[in-house]
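Q:
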Amino acid sequence: MGPLQVFNVATVNPAWRGDSWLLSSLGTTAAQAVGVVLWVVALVGFVVLAAVVMGWLPLDWWVPVAVVSSGASIAGLVLFPSAFPVFSTIGALAVDIAVLVAVLWFHWSPAELPA
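Going by this note's numbering, the first residue of the sequence shown is number 171, and it counts up by one from there.
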């Protein structure tokens, strides 16, 4: 939803104007560009992960794409904490952490799913 709000297609949090607490020195336009890149990387990455789970893409892609997608999402949430409602931010952060723990700590992969 981040890119949709930046381009005024949808409004998730009307109080958010695309600014970042850490990137304020870059200006709003540059901060918005960083946010769009992070959220597009996360969005595309999680879609790719779904395709890996379905067996449409190689299983070797699982770990690197999961780490990059979750990392980009966490970076977006940290840099733009007011972009989404509080509970959406908490939920997204919980999912990102769950993915990282499953992949990096428990070494889980979709190959372990029953056929």
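We treat Cβ as the ideally placed atom computed from N, Cα and C, and that holds for glycine. Here the structure is a predicted model, which is why all the values come from computation and not from measurement.
Are the segment 215 to 222 and the segment 236 to 256 in contact at 8 Å, needing three or more beta carbon pairs?
A: yes
Q: If you run the structure through DSSP and keep just helix, strand and coil, what is residue 280?
A: Taking the sequence shown and counting its residues from 1, one reaches residue 280 at position 110. Here residue 280 sits in helix by DSSP.
Q: Less than 8 Å separating the beta-carbons of residue 250 and residue 197?
A: Position 80 of the sequence shown, counting from 1, holds the residue named residue 250. Position 27 of the sequence shown, counting from 1, holds the residue named residue 197. It is not a contact, given that the beta carbons lie outside the stated cut-off.
Q: Measure the C-alpha to C-alpha separation of residue 151 and residue 263 and round it to an integer number of angstroms.
A: With the chain covering 171 to 285 only, the question about residue 151 has no answer from this structure.
Q: Answer with buried or exposed for residue 230, where buried requires no fewer than 16 other C-beta atoms within 10 angstroms of its C-beta.
A: Position 60 of the sequence shown holds residue 230. Exposed: under 16 other Cβ atoms inside 10 Å.
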